[in-house]
Amino acid sequence: MDEQAFRIHSDAALDHLFRALTASNDFPFEADLNNGALTIEFDDSPAKFVVSPNSPVRQIWVSALTTSFKLDWDESRQAFVLPATGRTLRQLMGDVISQQLGETIEL
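Numbering (my numbering), first residue to last: 819 to 925.
Structural data, given as structure tokens:
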């Protein structure tokens, strides 16, 4: 995938994730999309998750729960996917946010 295609896919993925994260005022965190990076800060803890594109390697990187996740574009699924589990970016973020909060969050 060339850089332009990566940018289109990564920008769309982050925008869709941001919309899902901000769709409800009931979530106990704040999401911010700024300069191509998405941050999530939790109300009751000092935790901060960061989701950002890494153009040179054509991946989206997620820093959450003291772990770095690196997602690749899967053309057949039209989504960024964590190779080890097959989870999409949105599914992964639902998983790690749920772990952080101790309750299930559906995005």
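C-beta: ideal position from N, C-alpha, C; glycine also.
Note that the coordinates shown come from a computational prediction; the quantities given were computed from them, not determined experimentally.
Item, Value
"D829: which of S873, F860, T840 and F867 sits nearest, CA to CA?", "S873"
"Using the Cα positions of T884 and A823, report the straight-line distance between them to the nearest angstrom.", "30 Å"
"Should A766 go down as buried or exposed, given a rule of 16 or more other Cβ atoms within 10 Å for buried?", "Shown here, the chain extends from 819 to 925; a query on residue 766 therefore has no answer."
"What span of residues does the alpha helix (DSSP H) with Q877 cover, start to end?", "Element bounds for Q877: not the alpha helix (DSSP H) but the beta strand (DSSP E), Q877 to A882."
"Between R895 and T906, what straight-line distance do the alpha-carbon atoms span, to the nearest angstrom?", "9 Å"
"Taking 8 Å as the cut-off, decide whether the C-beta atoms of L925 and R908 are in contact.", "yes"
"CA-CA distance, E821 and R876?", "7 Å"
"Runs of 3 residues minimum, wholly inside the stretch 825 to 853: which ones carry the beta strand (DSSP E) assignment?", "847 to 852"
"DSSP state of Q892, grouped into three classes?", "The displayed chain sequence assigns Asp, not Gln, to residue 892. D892 falls in the strand class under three-state DSSP."
"Just the Cα atoms here: how many angstroms apart are D850 and D861?", "14 Å"
"Per DSSP, E859 is paired with what?", "E848 and K866"
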